[in-house]
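S.K.:
Numbering (UniProt numbering), first residue to last: 1 to 127.
1. Using 8 Å as the cut-off, can you tell me whether the segment 104-122 makes contact with the segment 37-55, which would need three or more C-beta pairs spanning the two stretches below that distance?
2. Count the other C-beta atoms from every protein chain shown that fall within 10 angstroms of the C-beta of residue 45, then say buried if there are 16 or more, exposed otherwise.
3. Could you work out which residue in 82, 106, 102, 101 is closest to residue 22 when comparing CA atoms only?
4. Can you tell me whether residue 67 is buried or exposed? The criterion is at least 16 other CB atoms within 10 Å of its CB, across all chains shown.
5. Residue 14 to residue 38, Cα distance in whole Å?
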């Protein structure tokens, strides 16, 4: 059995993600190029995030489309609120399966100015 690469999206995860993505109807009058598959594009985004390469250097041989295409799709999904909804859905599923472990969570809400830092002025004062 071959090991899944970190940027590969499983069928199970894709079944959760796909309904959240905005649907784009193909134009018939001036169709242009066929749109790259959303799943492949997502894997391209994950590849860039995992490897840290620049968008324009995403190898097209991997079948993810071009780096700029993946970047535009990422921006489109961000604008549509896909990531917030995906986080909510996945957290709900983890809660329902009792798979959230809060024993390792830390929250730091303190705000301490650095030593010697100037104290902020009120917004009504200039400067």
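Think of the CB as a built atom: it goes at the ideal place given N, C-alpha and C, for glycine as much as any other residue. Small disclaimer: the values here were computed from a predicted structure and weren't measured.
M.R.: With the structure as the only source:
1. They do not touch, by the three-pair rule.
2. The count along the chain shown starts at 1 and reaches residue 45 at position 45. Buried, because 16 or more other Cβ atoms sit within 10 Å of the Cβ of residue 45.
3. Here residue 22 refers to the residue found at position 22 when the chain shown is read from its first residue. It is 82.
4. On the chain shown, position 67 is the one that residue 67 refers to. Label assigned to residue 67: buried.
5. Reading the chain shown from its first residue, position 14 is the one you call residue 14. Reading the chain shown from its first residue, position 38 is the one you call residue 38. In this model, residue 14 and residue 38 are separated by some 10 Å (Cα to Cα).
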